Structure formats: C-alpha cells, structure tokens
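Numbering (full-length UniProt numbering), first residue to last: 1 to 403.
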C-alpha cells in the first residue's frame, strides 16, 4: 500500500481560481448569450468523464437524453426536471467534488437547517468570486476601502463568516465576527422559550458592542434585519456608552446612541425579514434618513448573492433582487407548473439555477415566492424578483427570521 503524500504549502495555498469573474454585460441580448454559453460550459464540465462530478455522472445514467449533446442553452435545462433538495442532505460530500478539481482544498458549507436536516455543498472558490462580484456594487463613499467590518450574523458551518472575511480582505480591511448559532435559536423557538431567545440575542449584541468599543475602525457591517433592529435598540439605550465606561474609556462628545454615531457608514444586509415597511423604518429611524447606507441582498449557500437595486423613498422602499448572472439565475414560475414563467408583476415561486464549475444545481424550487420584475437597465439586464417571502404552501412548516 503506497504512503499518502501531503500537499506542500505551495500546492495547498497557491492555486488558480476555479474560474474567473464573469465579464460585465449591459444588454438583454448579451445577457442571454452569456447565460447560454455558461450553461454549455458548466454542463460539459460536470458531465464529462474526465472533469465531471460523481453525482451527476451517476445521475446521467438514468436520463433519456445526453447532457453533453442535448443541452445547448438555458432553456434546455428543463430536460433535467427539478432539482431535489434531499440530494444535498447527508453524505458523502465527496460525490459533489468534480474530478477536474481532485486534490484541491474543499470547504463544506451548510444551510441554516430551518427546514430540517441541513443541506450542504462543497466549495473551493465560489464564495470568493460571489463576494468579489458583490463588492463591485458597493459605493466606496459608504464602504470605504481599507475599513474594517463587523460580521453580526450566523457563524458555524455557514458560508457567511468566511465570505464576509474575504469581502473585508478584498476591500483592504479586516473582519471582526460574533459567535451566533441560529440552530440553537430555532430549538428555543420551537420550545417557546422566548426568555432564553431574548437572552441569547442580548449575548450576541453584547459581542457586537464589545467589538465597536475596541477601537478597530469598524465602518462597515453585515447583519440581518432583526439583528440590526436589536443593535439599534441597544445603542439607543446607551449600551455602547456603558461599554466604553466599563473599559475606562471616555464617551465621545455627542454620544454613541445611534448606528451612525457608533461609526458605521455602510451596511450590507440579508435575511428573511426585509419588507418595504421594515426598510422604511430602518432608513428613517435607524440609519438617519439614509446617512448610513444599507443594501439588502437575497442569497443562500446554494446561489451566492442576488443584489438589490438602490432602495429609498423614490420607489416606496420596494426591494427588487437580481441574481448574479451568469453564475446563477432566478425565474419566477407558476407553482403548479415549473416550466411556465409568470408574467411581469405576477406572483410565483422562485426557481433557482446555479451554474459554476464547482457546483451545478439546475432548476431548484426555493422555499420563497415573489413577484417577477423587469430588467434594471444596463446594471442588471435580466429579470428580477421583488417581495420575496416564504412560499405560502411551506410557510407554516418553516421557522424563519431566527436571526
């Protein structure tokens, strides 16, 4: 039996990206061509015997079509039917690692587990590419390059912790993280232990206040709507000022009773609680009428990040998201027929397709619904989705908004 050989530090750390960031397109025609080309590239990669993914190579044996020959564009993905989330539950995770990336260091990221046994996926570079693409949408005025970040969100086996760290590093800063286990919160909520939930929330907010009191030059933050509201409440109650005093530090003139006063200028946020009502409240009351910039995002471990067009009073604080095409695509479809896209302004279920060389997920019915929106000029020249909320047929069985 041959002895296993560990990779050298050079082999382990200095490796080319699994794929580059996609080129920017500005027209619907170019976006469609780019998406079709991406489908061909990704399907050829995942189903070729030399580079393919063990799961998909095995799955192909049951198909009555040949993915390598018959899938030539996005519309052809209908041949795959719909992706079943149970395929991502359990192991071995190695069945999702493409042969073309054999030997590369692999991360495993899990979903929050709000719908039972968590789904997991393998990752090499996708989270870095996704967040570098998102970084390109952030205004430097509010997210100054070189500034440090506070990550006030879930930790553990999730993408967010590493992704926000990479985002901060990509922009020349450092990320400071709290320790937050949303699965524990889910258990407490199911047991109706509201006092314990509130105590745990206070514990997480106290961690954030400690970071803000430590002179780390934190100007940017990731958080969720509920945690943003909790942080704002703590600041208004003077908790950061108390933290300063407990550390023997002088409270600055003007106080520390708002997010802006605490030094935050830009907030990248995501979560299940974004509504026009919350966004208006946050904009007007928590963020000094937009003096602190906030950009909502819609994302998960499978997709990456769907960014929103600018929000504000000009359009009633409506939130519309656009997928990071061509690496992922969102359709809003008839819940009774996933092959039919609903009309603009109509309600449907969100159907997600992920298209990277690391991970191929064709036509996955998300747990969300929303309204189909038209392309947003040359910024996002493809369809979007607004009013994202839990899919009505699943809402009663899903615990959401836990952080």
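Quick reminder that beta carbons are idealized off the backbone N, C-alpha and C, glycines included.
In this text the structure is predicted, and so the values were computed from the model without any measurement.
Mind checking whether residue i and residue j have CB atoms under 7 Å apart?
| i | j | result |
| --- | --- | --- |
| residue 220 | residue 143 | yes |
| residue 196 | residue 209 | no |
| residue 345 | residue 371 | yes |
| residue 363 | residue 82 | yes |
| residue 259 | residue 215 | no |
| residue 355 | residue 42 | yes |
| residue 241 | residue 228 | no |
| residue 359 | residue 121 | yes |
| residue 332 | residue 348 | yes |
| residue 414 | residue 175 | Residue numbering for the chain in the displayed model covers 1 to 403; residue 414 lies beyond these limits and cannot be assessed. |
| residue 31 | residue 381 | yes |
| residue 243 | residue 213 | yes |
| residue 361 | residue 330 | no |
| residue 207 | residue 178 | yes |
| residue 267 | residue 294 | yes |
| residue 124 | residue 104 | yes |
| residue 160 | residue 218 | no |
| residue 276 | residue 317 | yes |
| residue 148 | residue 172 | no |
| residue 36 | residue 91 | no |
| residue 18 | residue 249 | no |
| residue 170 | residue 202 | no |
Starting from residue i, trace the beta strand (DSSP E) both ways and give me its first and last residue.
| i | result |
| --- | --- |
| residue 346 | Unbroken run through residue 346: none, as it is neither H nor E. |
| residue 186 | Note, residue 186: premise wrong, no beta strand (DSSP E); alpha helix (DSSP H) at 182–190. |
| residue 336 | No beta strand (DSSP E) contains residue 336, which DSSP labels as neither H nor E. |
| residue 321 | 320–322 |
| residue 368 | 360–373 |
| residue 107 | 107–110 |
| residue 88 | Unbroken run through residue 88: none, as it is neither H nor E. |
| residue 143 | From DSSP, residue 143 is part of no beta strand (DSSP E); its letter is neither H nor E. |
| residue 121 | 120–123 |
| residue 176 | 175–177 |
| residue 266 | 266–270 |
| residue 306 | 304–308 |
| residue 296 | 293–300 |
| residue 151 | 148–152 |
Need the endpoints of the alpha helix (DSSP H) that residue i sits in, please.
| i | result |
| --- | --- |
| residue 451 | Residue 451 is absent from the model: the chain starts at 1 and stops at 403. |
| residue 61 | That residue, residue 61, is in no alpha helix (DSSP H); it is neither H nor E in DSSP. |
| residue 279 | 276–281 |
| residue 133 | 126–135 |
| residue 382 | That residue, residue 382, is in no alpha helix (DSSP H); it is neither H nor E in DSSP. |
| residue 164 | 159–170 |
| residue 226 | 225–236 |
| residue 258 | Premise fails: residue 258 is in no alpha helix (DSSP H) and is neither H nor E. |
| residue 246 | 239–246 |
| residue 35 | 28–47 |
Can you confirm whether residue i, when its beta carbon is compared against all beta carbons of chain D, has any partner nearer than 7 Å?
| i | result |
| --- | --- |
| residue 319 | As a matter of chain content, chain D is missing from the structure shown, which is built from one protein chain. |
How close, in whole Å, do the beta carbons of residue i and residue j come, if the pair is a contact with beta carbons under 8 Å?
| i | j | result |
| --- | --- | --- |
| residue 261 | residue 254 | 6 Å |
| residue 389 | residue 373 | With a Cβ gap of about 14 Å, residue 389 and residue 373 do not count as contacting. |
| residue 111 | residue 301 | 5 Å |
| residue 126 | residue 304 | 7 Å |
| residue 48 | residue 79 | In fact, because the Cβ distance is near 17 Å, the residues do not count as touching under 8 Å. |
| residue 376 | residue 280 | With 8 Å as the limit, residue 376 and residue 280 do not qualify as a contact, their Cβ atoms being about 21 Å apart. |
Is any heavy atom in the ligand FMN found nearer than 6 Å to the beta carbon of residue i?
| i | result |
| --- | --- |
| residue 92 | Of ligands this structure carries none, so the ligand FMN is not represented either. |
Practice prompt. Evaluate the contact criterion for the segment 285–295 versus the segment 317–329: three or more CB pairs, one atom per stretch, below 8 Å.
Written response: no
Discussion item. Count Cβ pairs between the segment 150–167 and the segment 329–349 that sit closer than 8 Å; are there 3 or more?
Written reply: no
Discussion item. Any contact between the segment 81–91 and the segment 128–138? By contact I mean 3 or more CB pairs, one from each, below 8 Å.
Written reply: no
Worksheet item: Are at least three pairs of beta-carbons, each pair with one atom in the segment 49–66 and one in the segment 18–32, less than 8 Å apart?
Response: no
Worksheet item: Is there contact between the segment 144–155 and the segment 308–318, where contact requires at least three CB pairs shorter than 8 Å?
Response: no
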